[in-house]
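Note that the sequence shown ends on residue 190 in the numbering used here; no numbers are left out. We put the beta carbon where it would ideally sit given N, CA and C, even for glycine. Here the structure is a predicted model, which is why all the values come from computation and not from measurement. Here the structure comes first, spelled out in structure tokens, and everything after it is commentary.
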Amino acid sequence: MEREEALKLIDSFIKNENLKKHSLAVEACMRKLANYLNEDEEKWGLCGLLHDLDYEETSKDPERHGIRTIEILKERNFNKEEILNGILAHCEKKNPENNLEKAIYAIDPLTGLIIASCLMHPDKKLRSLDVGFVLRRFKEKKFAAGANREQIKKCEEIGLNLEKFIELCLSAMQEIAESLGL
């Protein structure tokens, strides 16, 4: 599956603009991390882009989240196991075992923390954020409480300390700030 086809699927299945932006943010972070780790950027990016394809459909049935995405993709003859496993790992339907799975598991909540940090910043622009600002928000347990800190710390299992992980993801999101509206 090419990126353009994945974007069409997103448009078909996701109506909420913020959820579409979240998918773009996760894709950008996955690509940046893949590049940093000398992994396949296309594969990692596609995993990030498609990871929440079923989110609106399964919002009232979270046990199906991820599983439905796999069904949708297989109906379209998409069978790249690494990507499918990454999608399952991000929503805890599979234990994250390899770098791709651990990365998407950690990136998913980090993008939310970065967006929340941006929205509380005086000018509400990603370009105004730095790693220190996001790290301070990370340490505030009540800030963006839905961004699971333990999940974000999974970055350590792929050889990145928290600061470097935030740096890479923040940079990736800053590069697509216009698409994110921030």
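Output yes or no for whether 9 Å exceeds the beta carbon distance between residue i and residue j.
i: Ala42; j: Glu183; result: no
i: Leu176; j: Tyr44; result: yes
i: His59; j: Ser31; result: yes
i: Leu61; j: Arg11; result: no
i: Ile122; j: Lys101; result: no
i: Leu168; j: Asp138; result: no
i: Lys150; j: Arg157; result: no
i: Ala185; j: Arg135; result: yes
Quick check on residue i: buried or exposed, where buried means 16 or more other Cβ atoms within 10 Å of its Cβ?
i: Pro187; result: Checking the sequence shown, residue 187 turns out to be Ser, not Pro. So Ser187 ends up on the exposed side.
i: Met181; result: buried
i: Pro104; result: buried
i: Lys162; result: buried
i: Asp116; result: buried
i: Leu127; result: exposed
i: Lys82; result: exposed
i: Ala14; result: buried
i: Arg39; result: buried
i: Gly140; result: exposed
i: Lys28; result: buried
i: Ala152; result: buried
i: Asn93; result: buried
Report back the beta-carbon spacing between residue i and residue j to the nearest angstrom; my notes put them in contact at under 8 Å.
i: Ile174; j: Leu108; result: Their Cβ separation, rounded to whole angstroms, is 19 Å, which puts Ile174 and Leu108 out of contact at 8 Å.
i: Thr77; j: Ile95; result: 5 Å
i: Ala111; j: Ile166; result: 6 Å
i: Ala155; j: Gly120; result: 5 Å
i: His129; j: Cys99; result: About 29 Å; that fails the 8 Å criterion.
i: Ala114; j: Ile160; result: 5 Å
i: Ile18; j: Leu57; result: 7 Å
Over the uninterrupted alpha helix (DSSP H) stretch that includes residue i, give me the two end residues.
i: Pro4; result: In this structure the chain extends from 9 to 190, so residue 4 is not present and cannot be described.
i: Phe141; result: Val139 to Lys147
i: Asn93; result: Glu89 to His98
i: Leu188; result: Ala185 to Leu188
i: Leu168; result: It is not in any alpha helix (DSSP H) - Leu168 carries neither H nor E in the DSSP assignment.
i: Ser136; result: No alpha helix (DSSP H) contains Ser136, which DSSP labels as neither H nor E.
i: Glu10; result: Careful: Glu10 lies outside any alpha helix (DSSP H) and carries neither H nor E.
i: Ile213; result: Residue 213 is absent from the model: the chain starts at 9 and stops at 190.
i: Glu47; result: Counting along the chain, Glu47 falls outside any alpha helix (DSSP H), and DSSP gives it neither H nor E.
### Task
Could I get the ranges of all uninterrupted alpha helix (DSSP H) runs contained in the stretch 52 to 83, with 4 residues as the minimum, in chain order?
63 to 66 and 75 to 83
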